[in-house]
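As structure tokens, the structure follows; a few thoughts come after it.
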Amino acid sequence: MQTTAIRSRPVYPGLAIAPCARRHIFALEGEGAGALLDIAGELTPEVQRRSQILYVARGSLGVGHHGALQNLGPAFWAAPTVPPLLGRLDVELARSHMGTRLYLAGTEGFIGQAMQVAAAHGIDPASVLTEHRGSLARRVQCVHCKGVTEAVTTSPFTCGHCGLSLFVRDHYSRRLGAFQGVNIDAEEPGTVPPPEELYL
Amino acid sequence: MDTAYSATHRPETFREETFRGDFSYANSPENIRHFPFPFHEDQYRYSVNIEPHVPGRPGSAFEHLIDVDEHYVAEMADRAQVLAEDPLRYQALPHMMLAQWDTLELLMEEQARAYPHLFTLERNGDRWRWINRPLGIDDSFTFGDPSTLPREPLDYICRQTQGDIALMDQRDGNLWLDAGMITAQADWSLDFDVGMNFHEWHAPVPLAPQMGVFDRALKYLLNLQLGKPVRRLNWTMTINPRLDTSPENYPKWGPDRTTVTPDNVGQKVHLRVELQSLWRLPRSNGMLFVIRSYMMRMDEVVTVPKWGRRLPRVLETLPQELAEYKGLSRYRQTTIDWLKRHDDGAPTSPGIFPD
Amino acid sequence: MMGDLQMRVTALHDEAAGVRRVRLEPVEGGPLPAFSGGAHVVVAMQDGAVIRRNPYSLCCDPEDRTGYEIAVARAAASRGGSAYIHERLGIGEVLTVGAPTNLFQPDWRAKKHILVAGGIGITPFVAMMAQFARAGLAFELHYAVRSRAAAAFAGVLQDRYGPRVKIYAADEGARLPLAALVENQPLGTHLYTCGPERLMEAVLDTARAAGWPDQALHSEHFMAPPPGDPFTVTLAGSGREVAVGPDQSLLEALEAAGLSPRYLCRGGVCGECATKVVELRGTILHGDHFLTPEERAESRTIMICMSRFSGDRLVLDL
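Following this line, the structure appears as structure tokens:
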């Protein structure tokens, strides 16, 4: 389970149905499906009627949740990978109005990227319901070349873009949906400590 | 080497110097006493040290609310170079345009008021004319219409103001860092931090969160009033007079920290002080945060005997965690040893100003 | 540098039945600071032996640097401020005016601003709309009034902003179409309301029931300090006792006794006047909107602008 080390780490309070919402849009990644399935009891027929579920299985430990999610309501769409899901989310939000509430569940990187789409439509991040499920692997932005490396599980690691060895800080940018990576051997090049698995 | 103390700070000439490469930066003897030495007493003690930002001691960095000194032209040239190499050092989220105009007005007014021999601001309704003699600028524009300026307002005025600038939006009981020009930072990234709120962007600072310092600071700032700016001092050290000690360029300046020897401390090790001021902005109700950096190498610091005695005493009592956070670990002891040669153990007067 | 300003009354207009607009210009001349829509100023008026200090929203264009304007409704149960302004204030009189403070500012990120005003609640929106119009930001005003004759600013707002202004006069049978208002608004719309408590509650309840999140909803309460039974406080520093009258707030009583406690909004929302309770034998009657329920229960702090006391002994850290 993720622990909050410093205060730029976001807190993901968990999904709960916003009772008055005119429309509910769920964007779920991998084990994030479980976050919605766990509160299936809150999905009354009325809520289901007003719901749209977008799901991508990537990141799941083997088991797809398509069947179970499809049972939750008529409006279900499965994306093959994250980028098409984000594109579809963008389209759904473009035709949504105030009274629409957004629910995000999955890895931290997924939540961050979906949140960027939401913020561009004027949705206040504090109004989005979020739950972390799945790997604690991080999206990390290299502060030097600005390239983002996905699914980082060790610190230090090698930037997938410029090749520098980066220390993974707990400092998180919601705007970028990524943690900060800083060159670990800047002062004495070549003195990179062995990578440590930091999250599971 | 004690020089006559000028009654009012009025830079007439500007140094040609560099903050990279050959590092020709230095302070003129007359400018040394202008430096905001940050330590009131002979030991390190954390304090919020916030006070009203009102005109202070003549000749000091506190005399004018926006300080322009002999490094103005060279600093602006370095800034332009940083921005050319990395445009992400300037960011302004779309909703901050009103705050940009607030800031342009404030910085033009303050600089023209404090240094009428350098800057002139003429206003006829919304037709403004701004003359910046040191940089050879004479621009007429319509206040409120970005298309009448060569760059957007914040970009335009920050390229003519010493100090890093951050603009905050106030909403949801918090402050949000939503615009800025940051080219002379002590190791933080605007591109990474832009869009963060007060707690988020202070998250990496050690010790303070546990003390609830930032909760109290935020409450205080949320009630900051128009016309009543505040200021505080922050400090660190830099090897070579490099303004751009950004995380982005850490591979370039990081190795400098390993080049300090007992013989070169005087020239290489610099005390770097930020005079920070916070201002409520009128039209946007946002907040302007000016981070004005001053650098002085150890050679220059010790020309003021009180400072030469006090600095090693403070460095000795700095907690290890803070020394690491400020990046001093590698050369702290070497610097203390060099400075001790200038500390005869005599008592020092309280307060920051030279005797 | 702006401390309090001496400002002279240069005009008095009766805007609509019971609403008087006061124009103030700086005694020392020079441009006034611009301000943000939604800002208020605290105006100090010498009314005989009493100094009245009341907050009023600025209802003028922030870019008019030659003067500030406020509009004051004649209050049926006035504590004295509105009666003074309507009956005794004259042109040429000099008042002390604090710097503009804003506790009801626009959310500049909004894709659209919907303003819902009732009665005198129109005042902060007059300034906001001037800013929105100048900046080209989308907005709508929905203004509920008893009758058009009693609708302060209605004519000038309709002239200036055309179809963006909609007026609902109760005596014509028109009501705010709240349910319709909150439907089909683009994502990123923000809703602001100011007026009688019941109207604001109805607006906010309707929006929440339609699924609007709290981050998109903004309200300003014009709250006057509540009256109550008289009581006495003791000042820890000097041991002095200060009596608080039934129509006087604790803050006003302390000021009348010669102290200058910190304050900003004088309406219980900003927290600036929070004062430490040193000793308490009795009950603090919390009248503010700032302390948390836990803080109220602990009663270690009192908001002196709005709260009162009932009991044997209250000692404050003053």
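Chains as they are written, first to last, in this note's numbering: chain A, 1 to 200; chain B, 1001 to 1355; chain C, 2001 to 2318. Even for Gly, the Cβ is constructed at its ideal location relative to N, Cα and C.
Chain A has a Cβ within less than 8 Å of the Cβ of B/Gly1195.
The shortest C-alpha to C-alpha distance from B/Ala1074 to any of B/Asn1049, B/Thr1018 and B/Glu1051 is the one to B/Thr1018. In this structure, B/Leu1154 and B/Arg1283 do not form a Cβ contact; the two beta carbons are roughly 14 Å apart against a cut-off of 8 Å. Annotation: the continuous beta strand (DSSP E) that includes C/Pro2055 extends over Val2050 to Ser2057.
Chain order gives the chain B residues near C/Phe2035 as Leu1226, Pro1282, Arg1283 and Asn1285, where near means a beta carbon separation below 9 Å.
Taking a beta-carbon distance threshold of 8 Å, C/Gln2185 counts as an interface residue toward chain A. Counting along the chain, B/Pro1204 sits inside no alpha helix (DSSP H), nor does DSSP assign it H or E at all. Excluding its 5 nearest sequence neighbours in each direction, A/Pro195 has C-beta neighbours in its own chain below 7 Å: Thr154, Ser155, Pro156 and Phe157, listed in chain order. Shown here, C/Asp2247 sits in coil according to DSSP, grouped into three states, outside any helix or strand. Taken in chain order, the whole beta strand (DSSP E) runs of length 3 or more contained in the segment 2234 to 2294 of chain C are 2241 to 2244 and 2274 to 2285. When DSSP states are grouped into helix, strand and coil, B/Lys1306 belongs to the helix group. Contact annotation: the segment 2053 to 2070 of chain C does not touch the segment 1309 to 1322 of chain B, with fewer than three C-beta pairs closer than 8 Å. By alpha-carbon distance to C/Val2097, the top candidate from C/Leu2032, C/Val2043 and C/Gln2248 is C/Val2043. For C/Val2043, the enclosing beta strand (DSSP E) begins and ends at Ala2039 to Asp2047.
If one requires a minimum length of 3 residues, the beta strand (DSSP E) runs lying completely within the segment 1057 to 1139 of chain B are 1090 to 1092, 1119 to 1124 and 1127 to 1132, in chain order.
With 16 or more other Cβ atoms from the protein chains shown falling within 10 Å of its own Cβ, A/His144 counts as buried.
For A/Pro19, the number of other beta carbons within 10 angstroms of its own is below 16, and it is reported as exposed. Under the three-pair Cβ rule at 8 Å, the segment 91 to 110 of chain A counts as touching the segment 2178 to 2187 of chain C.
Per the DSSP secondary-structure output, A/Leu129 pairs in a beta bridge with A/Tyr103. By the neighbour-count criterion, in which a residue is buried when 16 or more other Cβ atoms sit within 10 angstroms of its Cβ, B/Glu1274 is buried.
The C-beta of B/Asp1169 comes closer than 8 Å to at least one C-beta of chain C. Between the segment 2297 to 2309 of chain C and the segment 2265 to 2275 of chain C, the count of C-beta pairs closer than 8 Å reaches three or more; the two stretches touch. B/Thr1236 and C/Pro2293 have their C-alpha atoms roughly 42 Å apart.
Pairing A/Ala33 with A/Tyr103, the inter-Cα distance amounts to about 11 Å. Scanning chain B for C-beta atoms nearer than 8 Å to the C-beta of C/Gly2030 yields nothing, as the closest lies near 12 Å away. The segment 1330 to 1340 of chain B makes contact with the segment 1258 to 1275 of chain B: 3 or more CB pairs, one atom from each, lie closer than 8 Å. Contact between B/Val1290 and B/Phe1039 does not hold, since the beta-carbon distance rounds to 21 Å and is not under 8 Å. Annotated as proximal: C/Ala2011 and C/Ile2091, with beta-carbon spacing under 8 Å. Secondary structure at B/Asp1355: coil, using DSSP grouped into helix, strand and coil. Within chain B, not a single residue places a beta-carbon under 7 Å from that of C/Glu2295; the smallest gap is close to 13 Å. For C/Gly2188, the residues of chain A that pass the 9 Å Cβ criterion are Met98, His121, Gly122, Ile123 and Asp124, in the order they occur in the chain.
Under DSSP, B/Thr1142 forms a beta bridge with B/Arg1127. Taking each of A/Thr130, A/Arg49, A/Gly30 and A/Ala118 in turn and checking the Cα distance to A/Gly87, the smallest one comes out for A/Ala118. Distance check between C/Arg2021 and each of C/Leu2204, C/Leu2005, C/Arg2074 and C/Gln2046 places C/Arg2074 closest, using alpha-carbon atoms only. Between B/Ala1203 and chain A, the shortest Cβ-Cβ separation is below 8 Å.
Around the beta carbon of B/Ser1140, fewer than 16 other beta carbons lie within 10 angstroms, which makes this residue exposed.
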